[in-house]
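Chains as they are written, first to last, in full-length UniProt numbering: chain A, 1 to 236; chain B, 1 to 236. Where a beta carbon is used, it is the ideal one built from N, C-alpha and C, also for glycine. A short worksheet on the structure shown next.
2 protein chains.
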Amino acid sequence: MTQPSGRLYGLGIGPGDPELLTLKAYRILKSVPVIAYPSLESGKVLARAIVADYLSDDKIEIPMPLPFSVERSSQPYYDIAAEKIAVHLSAGQDVAVLCEGDPFLYGSFMYIFNRLSARFPTEVVPGISSTLASAAALGVPITYRNDVLSIMPATLSAEILSDRLAVADAAVIIKLGRHFAKVRDVLKERGLWERALYIERATMPNQRIVPIAEVEPGEVPYWALILIPSQWKGEV
Amino acid sequence: MTQPSGRLYGLGIGPGDPELLTLKAYRILKSVPVIAYPSLESGKVLARAIVADYLSDDKIEIPMPLPFSVERSSQPYYDIAAEKIAVHLSAGQDVAVLCEGDPFLYGSFMYIFNRLSARFPTEVVPGISSTLASAAALGVPITYRNDVLSIMPATLSAEILSDRLAVADAAVIIKLGRHFAKVRDVLKERGLWERALYIERATMPNQRIVPIAEVEPGEVPYWALILIPSQWKGEV
């Protein structure tokens with residue numbers, strides 16, 4: 001008799017504050033015997049740090065050495081990580097892959113999902129995205145009524161960013177890092193600079209909110225974003 | 001000596017599944033003496049129903065009779081609701097306003113926020129939006145890497161919807177209701193119909209996922225959305 005497979009969870013753990021896990025993510029995190037999380041090239045293991053206080057000593061841990069940016073050359077890293085996870089699933093153990101923010105919004109879980117979801121029962125638990133957490137931290141509504149919200153990575157070219165911003169009522173530009181100066185120039189051209197709000201590491205212990213004009217382009221982390229609330233800001 | 005004010009919370013309670021509250025929203029919900037929630041014209045009180053099992057008998061409740069759609073004529077309703085809340089805040093009691101999904105993404109909390117946040121200490125707790133919950137329920141990644149995601153209400157004109165969809169890699173069209181037929185025609189014109197996924201009431205007990213071609217336009221609820229994953233669906 002073959003053993004039934006374990007279940008694969010894509011577990012959204014939110015933007016940084018451990019209290020922003022959902023009750024569901026918390027329950028699953030506590031119950032699974034195995035967790036997996038990206039251990040970036042830089043040696044930072046952010047996702048694990050977010051839930052560190054919730055982990056017991058008997059948890060089996062699978063650090064996944066994944067490159068920070070996803071490119072064709074990343075495929076072998078995902079193949080290896082997926083196979084490590086598959087060993088436990090095949091043995092009947094449930095595995096939760098920790099995902100900062102939400103598992104299906106950017107991020108790296110999708111590459112694990114696309115390798116394993118056809119082979120094993122899989123469930124995705126949504127998480128608070130940095131966009132939502134940043135608006136709450138900044139204290140500014142994102143979209144009213146008929147507004148269109150566009151979320152875009154700062155890695156896009158200036159031309160594409162400009163085109164996309166032209167038809168967005170509200171916008172969030174994520175993954176700023178070394179792209180800040182380019183984004184700044186686009187926002188100034190588009191007349192959006194005055195409305196733009198800047199935040200680093202929303203809800204993390206080192207969260208930082210500064211007026212966007214005071215941001216030093218050389219010191220912007222990857223985990224920074226710009227929020228441009230819709231033009232209806234302040235509507236009553 | 002004047003009493004210190006109570007704190008106003010905009011409490012994101014997620015899309016419907018009570019387990020999708022965050023640990024933080026759950027803690028605040030349990031601790032505040034007063035809650036407020038929209039009691040729609042139709043008599044439905046969805047937000048309260050989501051957290052019903054978490055409420056104790058001694059909680060003071062403020063149902064807010066708000067019109068379903070926000071228009072200029074809605075202002076008196078919000079004025080009245082805000083003043084009812086202000087009475088408790090002035091008396092030193094914390095008040096949590098229950099917000100389906102996320103408080104700052106569409107929804108009605110912003111109109112309370114814009115009336116009270118200058119007068120009372122205010123904190124917004126982000127919540128799982130229906131967009132994130134729907135992708136998880138459908139089991140399909142929304143955006144990879146450099147994709148742009150646009151979230152737009154179905155209430156927009158066919159022309160605007162078409163223009164916005166033209167520059168989105170992934171899109172979510174919310175608040176479908178009686179606008180389904182219009183959206184369907186736009187998607188067909190844009191060649192997006194084959195990629196579009198339909199879901200009603202994500203994570204609620206009566207969640208319903210059907211192939212979009214089988215949807216009966218006359219029976220689409222307000223709480224339905226269409227998700228168009230980015231063209232990189234299935235990327236490895």
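Query, Result
"Any C-beta of chain B sitting closer than 8 Å to the C-beta of Gly-6/A?", "no"
"On the DSSP bridge list, what partners appear for Ile-174/B?", "Pro-153/B"
"Roughly how many angstroms separate the alpha carbons of Leu-21/B and Ala-133/B, rounded to a whole number?", "12 Å"
"In the DSSP assignment, what are the bridge partners of Glu-9/B?", "It should be pointed out that residue 9/B corresponds to Tyr in this sequence rather than to Glu. Its beta-bridge partners are Ala-96/B and Glu-123/B."
"Does the segment 84 to 103 of chain B come into contact with the segment 27 to 42 of chain B, if we say contact requires no fewer than three beta-carbon pairs (one atom in each stretch) closer than 8 Å?", "yes"
"In chain B, which residues lie less than 9 Å from Val-32/A when you measure between Cβ atoms?", "Residues of chain B passing the Cβ test: none, with the nearest at roughly 16 Å."
"Taking the beta strand (DSSP E) that Ile-199/A belongs to, which residues open and close that run?", "197 to 200"
"Is the shortest distance between the beta-carbon of residue 238/B and the beta-carbons of chain A less than 8 Å?", "Since the displayed chain B opens at 1 and closes at 236, residue 238/B lies outside it and no answer follows."
"Just to make sure I have the definition right: I need the residues of chain B whose C-beta is within less than 7 Å of the C-beta of Asp-102/A. Which are they?", "Leu-132"
"Do Ile-228/B and Arg-195/B come within 8 Å of each other at the CB atom, strictly closer than that value?", "yes"
"Interface residues of chain C around Ala-224/A at Cβ under 9 Å?", "Among the protein chains of the structure shown, namely A and B, there is no chain C."
"Return helix, strand or coil for Tyr-144/B, following the three-state DSSP convention.", "coil"
"Taking the alpha carbon of Glu-61/B as the point to measure from, which residue in Ile-85/B, Gln-75/B and Ser-74/B has its own alpha carbon closest?", "Ile-85/B"
"Could you tell me whether any Cβ in chain B is nearer than 8 Å to the Cβ of Tyr-26/A?", "yes"
"Quick one: does Phe-113/A have its CB under 8 Å from some CB of chain B?", "yes"
"Check whether chain A comes within 8 Å of Pro-211/B, counting only Cβ atoms and requiring the distance to be less than that.", "no"
"Under 8 Å Cβ-Cβ, which residues of chain A neighbour Met-110/B?", "Pro-141, Tyr-144 and Glu-235"
"Does Ser-162/B have its Cβ less than 8 Å from a Cβ in chain A?", "no"
"Just to confirm the assignment, what range does the beta strand (DSSP E) spanning Val-34/B have?", "34 to 38"
"By the three-class DSSP mapping on this structure, what secondary structure does Ala-168/A have?", "coil"
"So who's on the other strand from Ala-224/A, going by DSSP bridges?", "Glu-200/A"
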